[in-house]
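Chemist: Here's a structure for you.
There are 4 protein chains.
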Amino acid sequence: MLPTVNLRPPFNITRASHIVLHVADLKRSRDFYTNIVGLVVTEETATECHLRGLSEACHHSLVLVQTRGEATCKRIGFRVFFEEDLDAADAYFKERGLPAEWVEVPHQGRTLHVSDPIGTKLELCAQMKTCERLYLQRELFKGAHAQRIDHFQIFAPDCHALCDFYSQLGFRNSEYLAHGDKVLGAFMYRKGTCLDLAIVENAGPKMHHFAYIIPESHLIFTACDLAGNYGYADSVERGPGRHGPGGMLFVYLRDPDGHRVELCDGHYQTIDIEVEPVRWDAASLSTNVRWGLPAVERWYFEATPFEDTPTIPPAKKPQPTTLEAYVQKQVAAKAAAR
Amino acid sequence: MLPTVNLRPPFNITRASHIVLHVADLKRSRDFYTNIVGLVVTEETATECHLRGLSEACHHSLVLVQTRGEATCKRIGFRVFFEEDLDAADAYFKERGLPAEWVEVPHQGRTLHVSDPIGTKLELCAQMKTCERLYLQRELFKGAHAQRIDHFQIFAPDCHALCDFYSQLGFRNSEYLAHGDKVLGAFMYRKGTCLDLAIVENAGPKMHHFAYIIPESHLIFTACDLAGNYGYADSVERGPGRHGPGGMLFVYLRDPDGHRVELCDGHYQTIDIEVEPVRWDAASLSTNVRWGLPAVERWYFEATPFEDTPTIPPAKKPQPTTLEAYVQKQVAAKAAAR
Amino acid sequence: MLPTVNLRPPFNITRASHIVLHVADLKRSRDFYTNIVGLVVTEETATECHLRGLSEACHHSLVLVQTRGEATCKRIGFRVFFEEDLDAADAYFKERGLPAEWVEVPHQGRTLHVSDPIGTKLELCAQMKTCERLYLQRELFKGAHAQRIDHFQIFAPDCHALCDFYSQLGFRNSEYLAHGDKVLGAFMYRKGTCLDLAIVENAGPKMHHFAYIIPESHLIFTACDLAGNYGYADSVERGPGRHGPGGMLFVYLRDPDGHRVELCDGHYQTIDIEVEPVRWDAASLSTNVRWGLPAVERWYFEATPFEDTPTIPPAKKPQPTTLEAYVQKQVAAKAAAR
Amino acid sequence: MLPTVNLRPPFNITRASHIVLHVADLKRSRDFYTNIVGLVVTEETATECHLRGLSEACHHSLVLVQTRGEATCKRIGFRVFFEEDLDAADAYFKERGLPAEWVEVPHQGRTLHVSDPIGTKLELCAQMKTCERLYLQRELFKGAHAQRIDHFQIFAPDCHALCDFYSQLGFRNSEYLAHGDKVLGAFMYRKGTCLDLAIVENAGPKMHHFAYIIPESHLIFTACDLAGNYGYADSVERGPGRHGPGGMLFVYLRDPDGHRVELCDGHYQTIDIEVEPVRWDAASLSTNVRWGLPAVERWYFEATPFEDTPTIPPAKKPQPTTLEAYVQKQVAAKAAAR
């Protein structure tokens, strides 16, 4: 049912690398990501702020860009291994009639802007300015001690089709969600962890969330407590909880512009090709599979649009069991029982 | 507003000690408390199971009693310091026309059964059979590593009145919840921690929950994960979360009979008399004060009745912002906005 | 073998409260205790700094006093329950010909300075100025998140004799260390935890260490990492390790003046009088009983003298198996084997 | 100073995979690895036991083989990506006159036995039987919850030469230890973490240790406590501590046959080629760089020989500052000061 993976892809994407987000108030957003998530500022100007996780040696994994317009996602970034992988990527996208453009991006080597078939804006580079890893500089730690960027989740109107596209680029599935023969969600990886890119069927392209690894589970609580203390109690949108697919402990926060960031613990190692992807039945996920309440409706449907990018609805609107539906059903059942 | 505390009480209750619960299936309940909560069985017969926390030196803090009838709470138990405190208690309750009866209870010294003015069934003793503390026997650890019983929460139709009764017995308030001049919840302690007994205004007497201390916050997740793995995913009723009053991290589980047990982390030390109780405004608690969703309605209203004990409704039914009310209000607001 | 405890003591000491230390460089010591231990400054002048743990509601548990002389310990402080307990204490010490003097101490109520029979300088008070507990203000957390002062350990030339003195004041033993009939160490408590005061036989009176509770075990590592980062790697004198008696996880740090502070996790609850003290055979403690290397010699023998207080040697010098002795024995055995 | 890495190696080794050890008592060793380390038994016969970490999907990462002879290391195993990588490896080793032999190994696909230039016995395969990952089956967890094998450390008489050999196979350096121009230790990786293989200059080839990842730092203490409880207190050879190079929290245990296993926390991600290896000056490591005591001599010099493999001494015997040397120097200094 899953698309065939090209294990000898035309160019070597190595990992999820960074994300570039528009924000309405640079200082406010920077404070959110440093005080609560625990990122550190590598460099900051009046209009841009580059941040990285405590164990990251590269210049940035999150770029905040001041905007007066809509708080969109400009790009999600992936790393390729060699410089020549960029050239191969350039050719690959152009051959398929997809956008591919060389751009100058500060602190990065040669950078290629491409879009996948549904318009998801990607940025590829093979080099970034390096910095000291700060993962042992405890006196600098704040927030939830976010270590490094882990993955992105995007919405796509046709999950299978987009999964096929990324499978051709060598992305493999660790776990996936299906209803009968239909793939509704795919956890895809390049870097040997559970995922670099999750694709979920819904109106897209949109950026649903990006995730940072926290090193110990108690820091999930730290993130929530700090969110509350800094005035973001309502931004703790979902969790703390334990995922079905992937099995990570998680909490989802909405940043001051509504961009969603996940904090999750490390999870298992992939790499070996004989290990089969884990299948989850969408029906069994109508409530949380492990424990806890279903996610609120906005977690399922709200996501950040990409800059200047129209979204396409899926053939069939997803019908997850939201918290709202779950609660209303229970209320109705109780009323009926009286 | 709070009743005056008698700092030289007529007898010395030292701490919350144990609880005796009816259960419909002894083995099933024992497995719940050992596998998920992490209690250990001190002694077990065909009809009773005595359990204790890992760091407890006394024979039992939870007694499960097989019943074919209703799964009520038989008693909540407190310890007194000296044997003579029992005699003073006996006289004290009798003088006030309250039930007081000497009984034989296995594994305990002389035991006095008394009831408070609303009929809450209490059991007092000054001695219990002792056992080895197991808190370093990691090879025996299971579940969430519950260390020791911490407190009980009961419902009372008039919180202030019952708070007054226990204040006369030397219980002091660490924190309390009020609406204007009216006390709606009282955290009362004897043992120098945040609480031994919480009294909340609602139809009572009922036993809302009893709580065990877990030693590290990650064990909150352990409890949830194990609840899910053992088929009790729906029994994770509230949390993980962070309390407003008291500030503990918590999760509430419903056991196989619906009795509610809380797991929470250790909290601050009381003891000193000059420290003022912390006041919480009931209105500000309409949703969780720190982060997270409101509790479901049943968390607010369901509780275990005491054996053969009628309950009295409060003068005014509590109107907490339940999850159900919160969600329905949001749904309505969204519909109105369309 | 242990002295009889007076369970109805002449006055009610409730807990270890605070310690007053001379330091050579106030700012340096304050930075040590805030950055590494995680205490917060309640108040600071040019010559004194008052600090408290994150969950403490009282004004100070550690007072640093700038000195140009020797970095002695001025006092260890205990709380009593009522004001009248102070008067009873005053009478009690005077009746026994022991020093007792009323003094004015900022931020404290009426304060009594007394000395025990070997000259240990004690400070008693029933009231202290109160402050907000900061245990949920995570944005203020630093260091190892020390929560509250737990206990003192002192040296006494005759452990049994001093244990007897404190037993008359109602201190009970949770655990003790003996060699044959001779008590060599006593863990004594008033507040219902494992200890408020440890007495170890050695040249005294001296203050061996004072201890703060850290809320989770990973913070032991945090303390060590920060000690290293701030230039105090060599001050990590012993541990991380697991105690025999008491069973706490611990690390001992030496502050800039050589005063020793222990960070340890919470441990079990005492309170009930039927629970027997745990006996440890001194011989079995010649190396660490659980795992890890023996402590270095200076941990056994170095301690802070009390101000203007001569020390008395024990009848027999202790002969613990130090790391030095252990290593030299192993080296000799290896050489012999060649 | 470091050898040049071949970023397009002749075949694709993906990760450290497994280790095969001789043991004198299969049951005793199996109990050690399950009860203390926390591995699970995948399959067991009278003469062999296959174990894996909780998050591993492959059949085994540790194979214990009953022997009546010396408790040697039979092989350390690496995975390659494709079957054809095995053929390329076979050719590569044979071309260089190095041993290469196809063998049948249960539960593995085609398997190639090769030796590196100093005789280190390696085993390569591209497929292994798969099993369920158990990382969420908390009811099965024991010991320190070891998640997955991480790396091996071997001794080599000429570190630079062997580092060169593995560099040709695509192993890159994350960190290394040098004295002047001489490389004395190399942390080499393939899988995008800090290391798969550490090479340290000393008499070799020998297997110094193999390491498993534990998911949270508190489990370091769990391992120690369980080691103590199960009678292996003296087997806690080094730590808990924090590494200089790599920065992991660690503890080293000696198993019943003296094989050394490290438990360490997860660490940073490598992958990107522009990030420079971190250099450590060997001289600065004469005591632990961060905090804590130096390692005992046997940690530096004892290691498991490979089966039927002679060892070659280094040109110059290493002279680390052992605990023994450190203590004797301190004792001598103290004596001189008297």
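Residue numbers (this note's numbering), protein chains in the order written: chain G, 331 to 668; chain Y, 331 to 668; chain A, 331 to 668; chain S, 331 to 668.
Where is the CB? At the ideal position from N, CA and C, for every residue including glycine.
(1) Since A346(A) is in the beta strand (DSSP E), which residue starts that stretch and which ends it?
(2) Can you pull the chain G neighbours of E546(A), defined as C-beta to C-beta under 8 Å?
(3) Tell me the rounded alpha-carbon separation between K404(G) and D638(G).
(4) Who are the near neighbours of E531(A) in its chain, counting only those whose CB is closer than 6 Å to its CB and skipping five residues on each side?
(5) For P575(A) and chain S, any beta-carbon pair shorter than 8 Å?
(6) Can you list, in chain order, the residues of its chain with a C-beta nearer than 6 Å to that of F411(S)? Leave out the 5 residues immediately preceding and following it.
(7) Could you name each continuous beta strand (DSSP E) segment of 3 residues or more that falls completely within the segment 387-426 of chain Y, going from the start of the chain to the end?
(8) Please give the ranges of any alpha helix (DSSP H) in the segment 591-661 of chain A, keeping only runs that are unbroken, at least 4 residues long and fully inside the region.
(9) Quick one: using the 10 Å Cβ neighbour count with 16 as the cut-off for buried, is G439(A) buried or exposed?
(10) Exposed or buried, what is T617(S) when buried is set at 16 or more other beta-carbons lying within 10 Å of its beta-carbon?
(11) Pull out every residue of the segment 581-606 of chain S whose Cβ sits closer than 8 Å to any Cβ of chain G, in chain order.
(12) Would you list, in chain order, the members of the segment 648-659 of chain G that have their beta-carbon closer than 8 Å to a beta-carbon of chain Y?
(13) Can you pull the chain A residues whose beta carbon is under 7 Å from the beta carbon of G522(Y), in chain order?
(14) Give the interface partners of C388(A) over in chain Y, defined as CB-CB distance under 9 Å, in chain order.
(15) What first and last residue would you give for the alpha helix (DSSP H) that runs through A491(G)?
(16) Please determine if the segment 488-505 of chain Y and the segment 526-541 of chain Y are in contact, where contact requires at least 3 C-beta pairs separated by less than 8 Å.
(17) Taking a contact to mean a Cβ-Cβ separation below 8 Å, would you say L369(A) touches L351(A) in this structure?
(18) Nearest-angstrom Cα distance between F362(G) and D585(G)?
(19) Sorted by chain position, which residues of the same chain lie with C-beta nearer than 7 Å to G569(A)'s C-beta, five sequence neighbours on each side aside?
(20) Counting only Cβ pairs nearer than 7 Å, list the residues of chain A close to V566(S).
(21) Tell me whether A667(G) is buried or exposed, calling it buried when 16 or more other Cβ atoms sit within 10 Å of its Cβ.
(22) Going by CA-CA distance only, name the one from N365(S), H389(S) and Q498(S) that's closest to I602(G).
(23) Take the Cβ of E567(G) as the centre, count every other Cβ of all protein chains shown within 10 Å, and call the residue buried at 16 or more, exposed below.
(24) What's the call for M518(G), buried or exposed, on a 16-neighbour Cβ count within 10 Å?
(25) If the criterion is Cβ atoms closer than 8 Å, does the pair G522(S) and N336(S) meet it?
(26) For P570(S), which residues in chain A fall below 8 Å Cβ to Cβ?
(27) Suppose you measure from the CA of H380(S) to the CA of L464(S); what does that come to, to the nearest Å?
(28) For the 8 Å Cβ check, are there 3 or more pairs between the segment 538-551 of chain Y and the segment 478-485 of chain Y?
(29) At which residue ranges does the segment 510-562 of chain S contain complete beta strand (DSSP E) runs of 3 or more residues, listed in the order of the chain?
(30) Name, please, each residue of chain A whose Cβ falls closer than 7 Å to the Cβ of V608(S).
(31) Once the 5 residues before and after T372(G) are set aside, which same chain residues still bring their CB inside 7 Å of it?
(32) Is N532(G) close to chain A? Criterion is C-beta to C-beta, closer than 8 Å.
(33) So which residues of chain A does E400(G) contact, with C-beta pairs closer than 7 Å?
(34) Shortest alpha-carbon distance to D417(Y) belongs to which of P447(Y), A456(Y) and T402(Y)?
(35) Please confirm whether Y345(A) has its beta-carbon closer than 8 Å to some beta-carbon of chain Y.
Modeler: According to the structure data:
(1) Counted from its first residue, the third sequence places residue 346(A) at position 16. I343 to V353 is the span of the beta strand (DSSP E), which, as asked, contains A346(A).
(2) Here residue 546(A) refers to the residue found at position 216 when the third sequence is read from its first residue. Those within 8 Å of E546(A) in chain G are H548.
(3) Position 74 of the first sequence, counted from the first residue, corresponds to residue 404(G). Position 308 of the first sequence, counted from the first residue, corresponds to residue 638(G). Whole-angstrom Cα-Cα distance: 9 Å.
(4) Within the third sequence, the letter at position 201 stands for residue 531(A). Excluding residues within five positions, the ones whose Cβ falls inside 6 Å are C489, L514 and P644.
(5) By one-based count along the third sequence, residue 575(A) stands at place 245. No, its Cβ sits nowhere closer than 8 Å to a Cβ of chain S.
(6) Looking up residue 411(S) in the fourth sequence gives position 81. Only N342 and T344 meet the Cβ criterion.
(7) 392-396 and 403-410
(8) 627-631
(9) In the third sequence, the residue the question calls residue 439(A) occupies position 109. Under this definition G439(A) is an exposed residue.
(10) By 1-based counting over the fourth sequence, the position of residue 617(S) is 287. Any reading at T617(S) needs caution, since the residue's pLDDT is 47, under 50, leaving its predicted position unreliable; the model's value is listed next. Counting Cβ neighbours within 10 Å, T617(S) comes out buried, since at least 16 surround it.
(11) D595, G596, H597, Y598, Q599, I601, D602, I603, E604, V605 and E606
(12) L653, E654, V657 and Q658
(13) In the second sequence, the residue the question calls residue 522(Y) occupies position 192. Neighbours of G522(Y) on chain A, chain order: K521 and G522.
(14) Taking the first residue of the third sequence as position 1, residue 388(A) is located at position 58. Near C388(A) (Cβ distances below 9 Å), the residues of chain Y are D602, E604 and V605.
(15) What you label residue 491(G) is simply residue 161 of the first sequence in a count that begins at 1. Element bounds for A491(G): C489 to Q498.
(16) yes
(17) Start at 1 with the first residue of the third sequence, and residue 369(A) comes out as number 39. Start at 1 with the first residue of the third sequence, and residue 351(A) comes out as number 21. No, the pair does not count as a contact, with Cβ atoms beyond the cut-off.
(18) Within the first sequence, the letter at position 32 stands for residue 362(G). Within the first sequence, the letter at position 255 stands for residue 585(G). F362(G) and D585(G): Cα-Cα distance of roughly 7 Å.
(19) Translated into the one-based positions of the third sequence, residue 569(A) becomes position 239. Once the five neighbours on either side are set aside, the close Cβ partners of G569(A) are F580, V581 and Y582.
(20) Locating residue 566(S) in the fourth sequence gives position 236, counting from the first residue. Here the neighbours are W621 and G622.
(21) Residue numbering aside, residue 667(G) sits at position 337 when the first sequence is read from its first letter. Exposed, since its Cβ has fewer than 16 Cβ neighbours within 10 Å.
(22) In the first sequence, counting from the first residue as 1, residue 602(G) sits at position 272. Sequence check: residue 602(G) is Asp here, not Ile. The candidate whose alpha carbon is nearest that of D602(G) is H389(S).
(23) Taking the first sequence and counting its residues from 1, one reaches residue 567(G) at position 237. E567(G) should be labelled buried.
(24) The count along the first sequence starts at 1 and reaches residue 518(G) at position 188. Looking at its Cβ environment, which holds 16 or more other Cβ atoms inside 10 Å, M518(G) is buried.
(25) Numbered from its first residue, the fourth sequence carries residue 522(S) at position 192. Numbered from its first residue, the fourth sequence carries residue 336(S) at position 6. No, the Cβ-Cβ distance between G522(S) and N336(S) is not below 8 Å.
(26) Translated into the one-based positions of the fourth sequence, residue 570(S) becomes position 240. Going along chain A in sequence order, the residues near P570(S) (Cβ under 8 Å) are F551 and P570.
(27) Within the fourth sequence, numbered from 1, the residue matching residue 380(S) stands at position 50. Within the fourth sequence, numbered from 1, the residue matching residue 464(S) stands at position 134. Taking the straight line joining both Cα atoms gives about 15 Å.
(28) yes
(29) 512-519, 527-531 and 536-544
(30) Taking the first residue of the fourth sequence as position 1, residue 608(S) is located at position 278. Neighbours of V608(S) on chain A: none; closest Cβ ~17 Å, over 7 Å.
(31) Looking up residue 372(G) in the first sequence gives position 42. Result list for T372(G): H380, L381, R382, H389, H390 and C461, in chain order.
(32) Counted from its first residue, the first sequence places residue 532(G) at position 202. It does not; no Cβ of chain A falls within 8 Å.
(33) Taking the first sequence and counting its residues from 1, the one referred to as residue 400(G) is at position 70. The premise fails here: E400(G) is roughly 31 Å from chain A at the closest Cβ pair, so nothing lies under 7 Å.
(34) Locating residue 417(Y) in the second sequence gives position 87, counting from the first residue. Of the candidates P447(Y), A456(Y) and T402(Y), the one whose C-alpha sits nearest the C-alpha of D417(Y) is A456(Y).
(35) In the third sequence, residue 345(A) corresponds to position 15, counting from 1. Reading off the sequence, residue 345(A) comes out as Arg, not Tyr. Judged by the 8 Å Cβ criterion, R345(A) is in contact with chain Y.
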